[in-house]
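First the structure, in the form of structure tokens, and then the observations on it.
Chains as they are written, first to last, in the working numbering: chain A, 114 to 1109; chain B, 2 to 189; chain C, 941 to 1053; chain D, 157 to 573.
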């Protein structure tokens, strides 16, 4: 061959042709492949760089561990999947060598082989392959029963899988951007660029997307196309520059439209920095674009198919267009003596380009009797041997192709021809993936033997090769019209495109034992497809699932049509009747990190903190998650564990007082002349009787009558209520209220406003509570007489407007000081300073839980679940008997909700006071019954009560209130605990303290 | 509720510790402000407008400003009215003075605001917000409640390259951090 | 991700701002306390779950906060119209109550005709 | 029908596997059957198999509008477990799990049931209370389910991040070791083959378009796109379309059909040993025999029969997965898809007689349908054969929505504090 490598200082590869390709040797980089070091040129993909050095063998197949090379030059690559690492944390398995650009220092390894790529023990599978036809595992490995899990499955698992998952946390950043446009164009080849020119001319906002680093699409390899008198690729770059200068056009290269979802919504993955030698620390690795497009133009081109024949998978066998891309774009020859096997004219052009570059062409083997006249003439002119009506029926070569075996069709007269590469083309499959994802319907075009877009489900149009339009002049017209504007583009191609075949070629069937691969990555052969049909798999989905054809990471881009045709032939049915498997997103695999984008760490889920959070942390608080909130759980002093801290807090609150952050409780301001009437409908109890300045505990049920939420409601004025909800219930309660207000009771004059975050809430509970807050309260008499239990008032606290509640969730004298949130820390600090000086403590949610349990106060969601009525929870008193309507009134009367024996909330005392029951423990009457046991209920709350000097518990027990006094049993794993059923109040049964 | 003259308690603002990062694109906490959530029927809008001294907007996605007060249309009977200055200008009292049926609730401390200003401001917000923020679709003065990542915000465009993001207090750390991420990405 | 026209905001907005709120035009019985168990089950549990044209409620919860009604095809997920809460159910021109479709695997999975 | 075995495989290997016959026959439909099952998924095919095997009823047809197993059977994430809370649920799912354990042998078809353990992560006090309630109930009922500390959870599943600084730290986990996965397609094919072997007619590409009824309201057969087919009894097991089919007989069932999405990664060498679920952050994940990470996403919020859903559901699930397993951020999503789940108001299934004589329904399995397949099929066959439910399925009646006697597994996990 005439080409030779560039100087010896930088060995750019023995197969790099001088003067060929578009890369410049100005900048080079080094990378290693399986430990060996190579030089690449700027713009090289890993595939082009390896081929430049004559490396074809890059991997082992999934099932038979057959040696595999580089098949394509694009994202459809099924074979060349490599492990690419920047460093130990930035390691990526299953990277397509044909897409990944080389960066300096890349450490690249082959996958799925041991101990080495050239000698792989797993290739014994290839010898045993007769025992592993499609679906063999369904038929065997059933005995002995345990062996599947212990022996067979682990072996299968170890053999399967390709790459090795990263072990370290990914340090790279990923970004997300929502965007809108009038027209999104997927694909920036001749059709996409032309459509973009046309659409941009109308003033439309245009986003033009292409997965390659440069625009051009097929113009990367097409040398016979000229546009406006220029070389096609050059025209593409000039056009892109022109478009990029327009304010209404955004061009995204290295970006894949991976999903076309409902209502013009598309997902794009942009590779921002994987090609850079040294990306900045803050540069995102990839960016997710979530685009809402008014219209979509699909200019996604077509993908060349391989030929299905015996041993068509050896390294050195590749698609003709790929060889052409490596030559014309990267300046790399895929071999020195190349064979061509085709059913389509386009492969001839690859042979012409190679021949002109000095590569010898062993022969063009064309299975058709009559190829196009133009290509035949050109071949003759170049002195290339063309064997029409012939087929390649086999190949040799262990780690790289050495020869091809050629036969006249229908004749056993064979000859073997030495080659070091074989380029193949069975024709082109329109890329209808995105069209199909948009739920468009395809039709089968019998003449051209391909599926083409037919009925569109969204505002979308296909142009160019993905629409079956091959002729350049027609393609340009179609693209201009799709863009909706005007553009003047004149494109010509020297050779017309014709031909193509689908299914197994000569010598690969129907009755052979040879391995003619349909799906390379999953090692699916033509005979596997036939076996599936023989076994009754007559639907293409069954065939796919039985053989796994098209289910590998290339998602059948090469294999689907061949698989379909082989099945159709076997079934003796026309192809459209066999069907086509659904194309699903993503078009090519998308990194999880890209889809997650910013939503990691603190941005995974908002952590809500109260205004006093930092002060509590400074006091040593441990926090617990309650919904999105971080709540102070307990406040351990030095040397205290959780139990001793909680015991101290519990004791101190009842002996002195405690200060608690109740800010997370939901708050809703209900305002309007019909506010009381509205609450009457939403809560089970009555609100019109509540006087301004007073509070009441309310229960909310849904229509089904089960407890939905609870809380204290204060009436501030005739037309203004301050409603509190549970912490977790706040958003859904407001939504529930709005639903009824807007759609069932729109006649009511009332409005709802969330004020959860307006107020910082400082609860002060305990005998000294009044004394603690007294000095801070202005303009309000908070004596027992003037401000009794369940009072509310607006006043000032430390000079700021406040709402003061006298209420208690501990059974002690208690106040809840509500101040505007920004003032919370200052007021908290002042109150806490004073409280501390008087011997009080800070307490957290755990102590709150214990103290309320000592009083038998429930926590919705803990002592109730969605199956508990107010009466079950011992709150029947809070259900109005007088009201004629409220949400839940009818549901509560249903047969099962009023039957005897329902689970009711009761107290439990363990026989041994020191035994603390497990929350969630089950209760039985007879602990000695055989399993399955009859369970009466479960423990909902259980604590050590320092104030009672013993354990206490609450439980939902069938017919619970009628069992008070009985002994029941809680069978645990290691022992059974006897318990006495009691009422639910364990401390201060008379309830006097609350009025202190 | 009017604030009292000289509170003994000091305010601790949400986002008191953060500073904007990118030079060309600033993400900064806004000064405290008085805010009310105002609700009223359409027949009472005129009286409330007069009392507040600005025309309460009645078209979706619009705002109106006058005398240091800005009213944001949030829904057909809902406005977020913001008055400049920590002390406020008596928005609640003004509403009461209108004499018409309405609901005004003080939410001055419920919300906090973040200002996003500079080249790429819209791109920074589009890191988490699905709205079309082109000037055509979202001109200066446009406002709406919307979603930003995993939290709800009220977004106001104050200039061609400046926005005010109103967010509930406990979501402000999240919103700020995501805006900072978005701002960083907008520079690439 | 759906694009939903809010009849109050008079604009198409992302599904991210909305919450689905069940079948539309199911009125809460006036004298709900007096209905039978069957009527209650019908009101509270039974839904049409149409395959084809469905009438449903959405709330623009992260927008104007309003509940509204929509007519949507549950096979294509295409919105046929949206209208304000409280307005009566309206027929969609040219669309029958429920699309009766005969699907075979060629059509459901083949995506080809 | 030829028995599947390693010997048969070896024999066929020597003759290019030409001796295998169709796994199930595809006969022309008869004019009538004793029983017609509507829906050729795992539940329907299984019911036909058990009708033949356990009740001697072989004049049975399974009508499938598309291809066998093409509905939810072929679209789920294949998780199997039985550690439910309520007795009705434990009865059903444990019955099912016991059948899973011997299913490959019973069907002479390897369904690859793999008891790799199902671990449910607890992130807070509420989770812990809820899981311990399940664990205690399961233990007293004779079902395995155990509590693990974070360290034990990590030992069982090494990729887990149990650091205290995680946004949702893990404070423990519930593990059912007998839980696991199976090969979904094999379940449909295995039942089809075994049922066909016992004389059941399996008829694909045949959509039921109407249910014909006699003078007393009883069923007499079905209208299909291939004409009328008579039947004495009809069992509807058409997940994803249950309410559509039941409507043909004028029976309304309380169902909502929602898209449920799932996704798989590119194939990887074994990295993930078990099934992990987290309700708090909404994610579940396992690794298939082929090496793909199989991830279940959430349900889209609206009713739909479209078998697709929004990208935001997928991204939210992956947020959670990558938070639990930060090492997976560089892994790639290879394929996403959607199924249609039929959800009842209490999230428990309906397997019931109906007001129409001769019409039986099995529906509403929500996200639990795959794991229930053998048990549900087995008990549905009993219901159809005997005309009344088996005691293990006695609670799953339609009537419970009138009486209020719900089996509310979802409500039992209600979150509110």
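The beta-carbon is built from N, C-alpha and C at its ideal position, and this holds for glycine as well.
With 16 or more other Cβ atoms inside 10 Å of its own Cβ, residue 709 of chain A counts as buried. When secondary structure is reduced to three states using DSSP, residue 516 of chain A falls in the strand class. Straight-line spacing of the CA atoms in residue 439 of chain D and residue 418 of chain D works out to 10 Å. Annotation: residue 690 of chain A is outside any beta strand (DSSP E); the continuous alpha helix (DSSP H) that includes it extends over 688–691.
Counting only the Cα atoms, residue 696 of chain A lies some 35 Å from residue 147 of chain A.
Membership of residue 1016 of chain A in the beta strand (DSSP E) is indicated by the continuous run 1016–1023. Taking a cut-off of 8 Å for Cβ pairs, the region 870–877 of chain A and the region 770–784 of chain A touch, as three or more such pairs fall below it. For residue 977 of chain C, a Cβ of chain D is located within less than 8 Å of the residue's own Cβ. The C-beta distance from residue 1003 of chain A to residue 903 of chain A rounds to 30 Å, too long to fall under 8 Å, and the pair is not in contact. As summarised for the region 796–880 of chain A, the continuous alpha helix (DSSP H) elements at least 4 residues long and confined to that stretch are 843–852, given in chain order. Short of 8 Å from the beta carbon of residue 765 of chain A, and not among the five residues preceding or following it, lie these beta carbons of its own chain, in chain order: 771, 879, 952, 953, 954 and 956.
For the region 268–284 of chain D, the residues whose beta carbon sits under 9 Å from a beta carbon of chain A are, in order, 268, 269, 270, 271, 272, 279, 280, 281, 282 and 284. Chain-ordered, the chain C residues with CB closer than 8 Å to the CB of residue 375 of chain A read 941, 942, 943 and 1017.
Around the beta carbon of residue 94 of chain B, fewer than 16 other beta carbons sit within 10 angstroms, so the residue counts as exposed. Within the region 52–83 of chain B, contact with chain C at the beta-carbon level (separation under 7 Å) is assigned to 61, 62, 75, 76, 77 and 79. Any Cβ of chain C closer than 8 Å to the Cβ of residue 30 of chain B would place that residue at the interface, and such an atom is absent.
For a cut-off of 8 Å, the C-beta gap from residue 465 of chain D to residue 456 of chain D is around 4 Å, short enough to register as a contact. Contact of residue 183 of chain D with chain C is not assigned, every C-beta pair being separated by 8 Å or more.
For residue 488 of chain D, the enclosing beta strand (DSSP E) starts and ends at 488–499.
If you check the CB distance, residue 506 of chain D and residue 461 of chain D do not come in under 8 Å.
The beta strand (DSSP E) runs of length 3 or more contained entirely in the region 381–415 of chain A are, from start to end of the chain, 399–411. Residue 778 of chain A sits in coil when the DSSP states are folded into three classes, being neither helix nor strand.
In this structure, the alpha-carbon of residue 498 of chain D lies about 47 Å from that of residue 625 of chain A. Residue pairing by DSSP puts residue 946 of chain C in a beta bridge opposite C:951.
For residue 586 of chain A, the uninterrupted alpha helix (DSSP H) run begins and ends at 585–596, by DSSP. With contacts defined by Cβ atoms closer than 8 Å, residue 798 of chain A and residue 811 of chain A form a contacting pair. Counted as a single uninterrupted DSSP element, the stretch harbouring residue 81 of chain B is not any alpha helix (DSSP H) but the beta strand (DSSP E) occupying residues 79–85.
Its chain contains 186, 333 and 334 as the residues whose beta carbon lies nearer than 7 Å to that of residue 438 of chain A, once the 5 sequence neighbours on both sides are disregarded; these appear in chain order. When 9 Å is used as the limit between beta carbons, residue 911 of chain A is near these residues of chain B: 8, 9 and 10, in chain order. Each residue's CA atom was taken as its position, placing residue 119 of chain B and residue 181 of chain B some 13 Å apart.
For the 8 Å CB-CB criterion, residue 321 of chain A and residue 292 of chain A do not form a contact. Cβ proximity to chain C below 8 Å picks out 145, 146, 147, 148 and 153 from the region 139–172 of chain B. In the DSSP assignment, the residues bridged to residue 66 of chain B are B:71. Between residue 510 of chain D and the set D:420, D:283, D:543 and D:504, the nearest pair of CA atoms involves D:543.
Scanning its chain for C-beta atoms nearer than 7 Å, with the 5 sequence neighbours on each side dropped, one finds around residue 192 of chain D the residues 217, 219, 378, 385, 387 and 390, in chain order. For the region 990–1012 of chain C, the set of residues with a beta-carbon nearer than 9 Å to any beta-carbon of chain D comprises 990, 991, 992, 994, 996, 998 and 1012, in chain order.
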